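Below is one structure; the comments refer to it alone.
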Amino acid sequence: MNKHTSEIGVIMIKAFDRPIYVTRPYLPKLELFCEGLKEIWDSRWLTNNGPVLRRFTRQLSNYFETDNVCLFNNGTLALQIGLQGMGISGEVITTPFTFVATTHALFWNKIRPVFVDIEPDYYTLDPDKVEAAITPWTTAILAVHVFGHPCKLNRLADIARRHNLKLIYDAAHAFGVRVGNKSIAHFGDMSMFSFHATKMYHSLEGGMLTFQDSGVKKTFDYLKNFGFKSETEVVMPGTNAKMNEMQALMGSMVLKHIDENIEKRRQITAAYRERLKEVPGIHLRTELPKDVSYNYAYMPVEVDEREFGVSRDKLYEELKKYNIYTRRYFYPLICDYSCYRSVSVKDPLTVARKVASRILILPIYCDLSLDDAQQIADIIIAISSKESNRQNTIAATKIEDKRTEK
Ligand code: T4K
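Quick note, the sequence shown lines up with residues 2 to 407 if you use this note's numbering.
What follows is the structure, encoded as structure tokens:
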């Protein structure tokens, strides 16, 4: 048995012969993409609101059942521009358990983030903590549908309404999620979706804002195109955040397969959950409410070192020996990054700290087979068994040593 092979009982667990990353982008057939490229080659229109982008925008409008969509070259700039366009300033209550871009978008707008805790079931902002953190300077709540898990939508909407705050969702992970038969894009004042290559839906890179007030659309369009209103008029100091034609083509082609891709991810999630549900120390995310139609964007588990016998970080390292590259999204918490350590945090962030120290994201992508998912789960189990055998041997040796001393 080599060091990349383990044994549970009589079952031999082999390392993968190829790297298994946390994600792998879905790609359309190359021939089809090349056919699509021909249109771009023929038109020589590569960016700046070209025909492919306009068609893609209509497709997304249909998919999200709203005309209020605006496309960008990535999610970070979409969020940054969205906050600016909505006139958000002062303090914004947000979560430290997210990708760092959520907070960066606030800082680029000179907005102070107020970090509050998350709830333990789905890792989204805890509404009770939000309410307690409101000050006269608060202008908005920036909540994250982390891993595609919907936030406490009604509670947050109620708080925002009573305190006259804007409710903004970082929905980077939530493409395709529906709640009560309504797209998640219809909740809050504005939502940002990321179409980055690592997402369950992508356009190479890309981002989108959806919003309730159609009046802000013009501002978003100006801001992403240098502030141009016409060839000779610049009405605000905008930036360049336009999606190009290649991105739009990829996005359009991947969109055609979104339902089948979600279904594949559902099956992979089910395979993992079935295999891991009774493993001591591996905690699966609480089942989502019945009215949520989920996108299976990520496969998070929490590792309880005491029960599992191996720490989250050791498991993360051990899995690499089997060619499995998991990720610790989101560790460290944003407030612990050196660039945000000076932000004063009043909330003890008890849940967020615990989750950040235990979270591990297992590989999930469309062409991961169910056998692969089961093998990953078996390797996790084997790593725990190996450690417990090692502990038993140490304990037995100590007893033996004591006997010999006597
Ligand atoms: N808000 C939230 C809550 C977010 O999660 C994100 C992005 C944003 C805002 C900002 O949206 P964007 O501006 O990105 O549109 C990745 C992504 O770069 C980032 O988009 C994403 N969140 C974050 C959660 O994950 P890394 O640093 O983990 O990516 P990386 O390059 O290590 O990739 C992870 C794995 O994916 C690799 O090990 C292999 C695989 N991979 C990656 C790429 C780029 C591929 O197979 N193919 C690829 O092309 O940040």
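For every residue, glycine included, the Cβ atom is placed at its ideal position computed from N, Cα and C. Just so it is clear, the structure is predicted and the values come from calculations on it, not from any experiment.
Exercise. Helix, strand or coil for H197 per DSSP?
Worked result: Assignment of H197 by DSSP, reduced to helix, strand and coil, places it in the coil class.
For this session: Round the Cβ separation of F194 and G208 to the nearest angstrom and send it over; I've been treating them as touching at under 8 Å.
Result: Going by Cβ atoms, the distance from F194 to G208 rounds to 7 Å, so yes, they are a contact pair.
For this session: Indicate the three-state DSSP secondary structure (helix, strand or coil) for N324 in the structure shown.
Result: Correct three-state label for N324: coil.
For this session: Only counting runs of 4 or more residues, tell me where the alpha helix (DSSP H) segments fall wholly within the stretch 323-368, in order along the chain.
Result: List check, alpha helix (DSSP H) in window: 351-359.
Exercise. What is the rounded straight-line gap between the Cα of F57 and the Cα of Y170?
Worked result: Looking at the two C-alpha atoms, the distance is approximately 22 Å.
Problem set entry | Residue from S184, F196, L369 whose Cα sits closest to the Cα of H174 | Closest option to H174, Cα to Cα, is F196.
For this session: Could you tell me whether the stretch 226-238 touches the stretch 329-342, where touching means 3 or more Cβ pairs closer than 8 Å?
Result: Cβ pair count under 8 Å is below three, so no.
Exercise. In whole angstroms, what separates the C-alpha of L14 from that of D373?
Worked result: The amino acid occupying residue 14 in the given sequence is Ile; Leu does not appear at that position. Rounded to whole angstroms, the separation of the alpha carbons of D373 and I14 is 12 Å.
Problem set entry | C-alpha gap between P121 and D127, whole angstroms | Computed Cα separation, rounded: 9 Å.
For this session: Would you kindly work out how many angstroms separate the C-alpha atoms of R113 and G91, rounded to a whole number?
Result: The straight-line gap from Cα to Cα measures roughly 6 Å.
Exercise. Is M80 near the ligand T4K, going by C-beta to nearest heavy atom under 8 Å?
Worked result: The question names Met, but residue 80 in the sequence shown is Leu. True, at least one ligand heavy atom lies under 8 Å from that Cβ.
Exercise. If you run the structure through DSSP and keep just helix, strand and coil, what is D171?
Worked result: Three-state DSSP puts D171 in a strand.
Problem set entry | Host beta strand (DSSP E) of M300 (start-end) | From DSSP, the beta strand (DSSP E) with M300 extends over 300-304.
Exercise. Is A173 near the ligand T4K, with its Cβ less than 8 Å from a heavy atom?
Worked result: Checking the Cβ of A173 against the ligand T4K gives yes.
Exercise. For T67, which three-state DSSP category applies?
Worked result: T67 falls in the coil class under three-state DSSP.
For this session: Decide if R359 is buried, meaning its Cβ has at least 16 other Cβ atoms within 10 Å, or exposed.
Result: Counting the other CB atoms within 10 Å of its CB gives R359 a total of 16 or more, which places it among the buried residues.
Exercise. T327 and P281 look like a contact to me (Cβ under 8 Å); what is the Cβ gap, rounded to whole Å?
Worked result: The C-beta separation of T327 from P281 comes to about 19 Å, leaving the pair out of contact by the 8 Å criterion.
For this session: For V23, write down the residues that DSSP places opposite it in a beta bridge.
Result: In the DSSP output, where bridge partners are listed per residue, V23 has none listed.
For this session: Would you mind reading off the limits of the alpha helix (DSSP H) that contains P114?
Result: Following the DSSP letters along the chain, one finds P114 in no alpha helix (DSSP H) but inside the beta strand (DSSP E) bounded by residues 113-116.
For this session: Answer yes or no: the CB of T211 versus the heavy atoms of the ligand T4K, is any distance below 8 Å?
Result: T211: no, Cβ never under 8 Å from the ligand T4K.
Exercise. Is the Cβ-Cβ distance between M408 and L80 less than 9 Å?
Worked result: Residue 408 is absent from the structure shown; the chain starts at 2 and stops at 407.
Exercise. Taking the continuous beta strand (DSSP E) assigned at T95, which residues delimit it?
Worked result: Start and end: 92-95.
Exercise. To which residues of the same chain is Y299 closer than 6 Å at the C-beta, ignoring the five residues directly before and after it?
Worked result: Closer than 6 Å at the Cβ level, and outside the excluded window around Y299, lie F148, I362.
For this session: Return the CA-CA distance between L47 and E246, expressed in angstroms with no decimal places.
Result: Cα to Cα, the separation comes out at about 5 Å.
For this session: Can you check DSSP and say which residues form a bridge with E234?
Result: Bridge partners of E234: S231.
Exercise. So, using beta-carbon positions, are I382 and R307 closer together than 9 Å?
Worked result: Not a contact, by the Cβ cut-off of 9 Å.
Exercise. Shortest alpha-carbon distance to G181 belongs to which of T139, S339, L154, A161?
Worked result: L154 is the residue among T139, S339, L154, A161 whose C-alpha sits nearest the C-alpha of G181.
For this session: Confirm the yes/no value for this check: CB of V147, any heavy atom of the ligand T4K, distance under 8 Å.
Result: V147: yes, Cβ under 8 Å from the ligand T4K.
Problem set entry | Status (buried if at least 16 other CB within 10 Å, exposed otherwise) for A16 | A16 sits buried, since 16 or more C-beta atoms from the chains shown fall within 10 Å of its C-beta.
Exercise. Would the C-beta of G208 count as close to the ligand T4K, meaning under 8 Å from any of its heavy atoms?
Worked result: Remark: the shortest separation between the CB of G208 and any heavy atom of the ligand T4K falls under 8 Å.
Exercise. At which residues does the alpha helix (DSSP H) containing A161 begin and terminate?
Worked result: DSSP places A161 in the uninterrupted alpha helix (DSSP H) bounded by 154-163.
Exercise. Helix, strand or coil: how does DSSP classify H105 here?
Worked result: Three-state result, H105: helix.
Exercise. Helix, strand or coil: how does DSSP classify L256 here?
Worked result: DSSP, reduced to helix, strand and coil, places L256 within a helical segment of the structure shown.
Exercise. Within the present structure, is the beta-carbon of G91 separated from the nearest heavy atom of the ligand T4K by less than 8 Å?
Worked result: Not so, every heavy atom of the ligand T4K lies at least 8 Å from the Cβ.
Exercise. How is the beta strand (DSSP E) around A141 delimited, first residue to last?
Worked result: Run containing A141: 139-145, per the beta strand (DSSP E) assignment.
Problem set entry | Among Q376, Y273, R274, the one whose alpha carbon lies nearest that of Y323 | In terms of CA proximity to Y323, Q376 leads the group Q376, Y273, R274.
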